Structure formats: structure tokens, C-alpha cells
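Encoded as C-alpha cells, the structure appears first; notes follow it.
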Amino acid sequence: MKITTTLKKKLYSEMLRLRMIEERIAAIYHDANEMKTPTHLYTGQEAVAVGVANAMIEGDVVGASHRSHGMYIAKGGDLKAMMAELFGKETGCSKGWGGSMHLVDVRKGVMGSSSILGGTIPHAVGCALAFQIKDESRVAVSVFGDAAIEEGVFHESLNWASLKKLPVIFVCENNLYSTSTLLKDRQPPVKIFKRAESYGMQGIRVDGNDVVKVYEVVSEAIAGAREGRGPALIEAMTYRWREHVGPNYDYDLGYRTKAELGEWMAKCPVKKYVDLLSQEENESLIKRYAKEIDEAIEFARQSPFPREELMTNEVL
Ligand SMILES: Cc1ncc(C[n+]2csc(CCOP(=O)(O)OP(=O)(O)O)c2C)c(N)n1
Ligand SMILES: [Mg+2]
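Sequential numbering from 3 applies to the sequence shown in the numbering used here.
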């Protein structure tokens, strides 16, 4: 598969935008206690969402995890509606009732994100089953963390998806931790992508900090699923920079070291491709995105809180 420089630049720009959104949220999170939602920031993992989203085409759908901003933004979710959701406002993508973990933009194929680990895995399988029954050339993707595979629903879903050769791709963002517990203290030493074998489906591990590699691997898996060759499990190796939930760094808590964070920061997915653009082009993008983010925050701040009557009679 040949990836053009134009596409590489697009992937890089989207990662830069996502990084700036997440870092701005971190910067304003404590301002006037306006943002009350718990927020699981995506900083450090940008290559996964951007690579996955760009491998999808219109009509394809995705379900995301509690660390939801990445997929929502990368798949084209509306930034103003996300920001308003984080501020708990009625103009939010879930009308202010959901918060950071419950982002949705159905028109863009973001079917939802879930605070329940593994929550969107069966949703994606259900969408894929519908596509198969209706003979539609569409693919569903579920993106989830490494702890979600400890949920029974992961195994049930992969079993059924493989049996029925459903057009669904499972993407596990392996950032090594579930909150503050390392993978090796939670799971036997079997690589996550190897688990696909027991369901008779293809399992692939990819460098989740390299957007081009993610794009290539996911594109191939999606093409296979679209042609009726069934599902695949992709394990993207990556790392979250900030604390599990909230805007801070947390290497002082004792479960991971500053040196480990430093090693992963050196493998920054955004910086990796920064030289695709000239310094002037980068500066101009940063200016453009900063303005867009300013406007989204202003929109969120100015928006009203949800009306109480919507709580009982409104279906999102
Ligand atoms: C079914 C379920 N069990 C436990 C939790 C509590 N919980 C929220 S996030 C989290 C860690 C998730 O780790 P992982 O899936 O690796 O995603 P990451 O946060 O690393 O992106 C846990 C245990 C939950 N939300 N849902
Ligand atoms: Mg994890």
C-alpha cells in the first residue's frame, strides 16, 4: 500500500490538532471549576485514533472507550459539541448529560463511547451484524483499552464475530496500564494480539505511536472485513502521558516512573512527523487550531446548562 506525502501530512496535522485539544483541556481543567466531568486525556496516544479513523470511510462506524476524545475528534466529531459536553452544557454532543466518557456524533459514524470497559465491543459487533444482514458494504470498529480484554464481553464478542465472519475490527490500545496496575499484574503472559488465534481470526501487533503504521495495518484489516473475510484484532502499543483521569502528570504516585514516561515522550507520535511541514506551515497550523479551540471553549462557556425537564423526557 502506497501512502502519499499528502496523506502523511493530513495524518500529522490531525494528530497535532488532537494534541492541542487535549493539552488545552488539561490547561483549563481546573479553571473556576467549570469542567466537572472526569476526563481521561488522550495525550500520547494520538497516532492510534488518527490512524484508525483515516482507514475508515464514510458509512463505517466506531465505538470508543472511556478515553474517548481521540476517536471522536479523529472521526470528525464536532469540537464545539465535545467542548460543550465537557462543560456539561445543553449544546454538548450528549446534551450535557454524558460528559467526557459519553461522546457521540452519529452523522460522523461515532456511535458512542462508554464508561463501561468493553462497553462498545458488542455494539460494534451488533452494527457489523446489521451491515451483514442488510448486505451493506460497511465496517464497524471498536476501540478499547488493554483492560477491556479482561471483560467477558470481549471474548463473547470475538467468538461470535469470528463465527459469523462479521465486518468488524477490534482495536486494543495497549498503553500498558489499567489505572495504576501494570499489564503483567493483571493478565497471564500472553500477548493480546495472540488471543485472536483462539477465535480463529487474524491478530496483529502494531507500533501505536506511528500513525502511518497504524493506518496501514487498520486499512488492510478493514479492506479484508469489507470483502467478507471477517474480523481482526489489532493491538496498538502506546502510552498515556498524563494521569489515568484528570489533567496532571502522575509519576509521583509510585506505579510508574518519570524515566518510563520520558522514554515514551521521546517516542512522541506527533513529533515523529513534525518535519513533514516547514516551520512556517507548522506555526500557521498551530495558530489556526488554537483559534478554533478558543472558539469551542467560548461556545461551551456561553452555552446554557441542560433544562431540567429534558432529564426525564428526552432521548438522545
Ligand atoms: C466494567 C468496568 N470495570 C471497571 C471499571 C473501572 N475502570 C475505569 S477505567 C479503568 C482502567 C481501564 O484501563 P484500560 O482499559 O487499559 O484503558 P486506559 O484507561 O488505559 O486507556 C477501570 C478499571 C469500569 N469503568 N468498567
Ligand atoms: Mg490501558
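Each residue gets a CB set at the ideal place from its N, CA and C atoms; glycine is no exception.
None of these values were measured; they are calculated from a predicted model.
Check your understanding: In terms of residues, what are the limits of the alpha helix (DSSP H) holding Ser159?
Key -> 154–165
Review point. How about Ser159 and Pro124: are their beta carbons less than 7 Å apart?
Key: yes
Review point. Exposed or buried, which one is Lys77 when buried takes at least 16 other CB atoms within 10 Å?
Key: buried
Point to revise | Nearest-angstrom Cβ-Cβ length linking Thr22 and Val213, presumed shorter than 8 Å | key: Note that residue 22 is Met in the sequence shown here, rather than Thr. Not a contact, Cβ separation roughly 16 Å.
Point to revise | Reference Val247, options Pro40, Glu25, Arg26, closest by Cα | key: Pro40
Check your understanding: If you scan the region 200–240 from start to end, which runs of the beta strand (DSSP E) of 3 or more residues do you find wholly inside it?
Key -> 204–209, 234–239
Check your understanding: By a C-beta neighbour count over all protein chains shown, 10 Å radius and 16 as the cutoff for buried, is Arg197 buried or exposed?
Key -> buried
Check your understanding: Going by DSSP, which residues form a beta bridge with Ala142?
Key -> Val63, Val170
Review point. Does the distance from the CB of Thr45 to the CB of Arg290 come in under 7 Å?
Key: no
Exercise for review: Go through its chain and collect everything with a Cβ distance to Tyr275's Cβ below 6 Å, but skip five positions before and after it.
Suggested key: Tyr14
**Study point:** Contacts around Arg207, its chain only, beta-carbon distance under 6 Å, and the 5 residues preceding and following it disregarded
**Key:** Phe195, Glu237
Check your understanding: Sorry if obvious, but does the Cβ on Ser180 come closer than 6 Å to a heavy atom of ligand 2?
Key -> yes
Point to revise | Bridge partners - Ser15, DSSP secondary structure assignment | key: Beta-bridge pairing links Ser15 to no other residue.
Review point. What is the DSSP secondary structure of Tyr44, counted as helix, strand or coil?
Key: coil
Practice item. Quick one: grab the DSSP three-state call for Ser115. Key: strand
Review point. Hey, would you say the C-beta of Ala86 is under 6 Å away from at least one heavy atom of ligand 1?
Key: no
Practice item. Compare the C-beta of Ile118 with all C-beta atoms of chain D and state if any pair is closer than 7 Å. Key: The chain inventory of the structure shown lacks chain D, comprising one protein chain alone.
Point to revise | ligand 2 heavy atom lying under 6 Å from the CB of Gly2 | key: Since the first and last residues shown for the chain are 3 and 318, residue 2 lies out of range.
Check your understanding: Could you give the distance in angstroms between the alpha-carbon of Ile75 and the alpha-carbon of Gly111?
Key -> 11 Å
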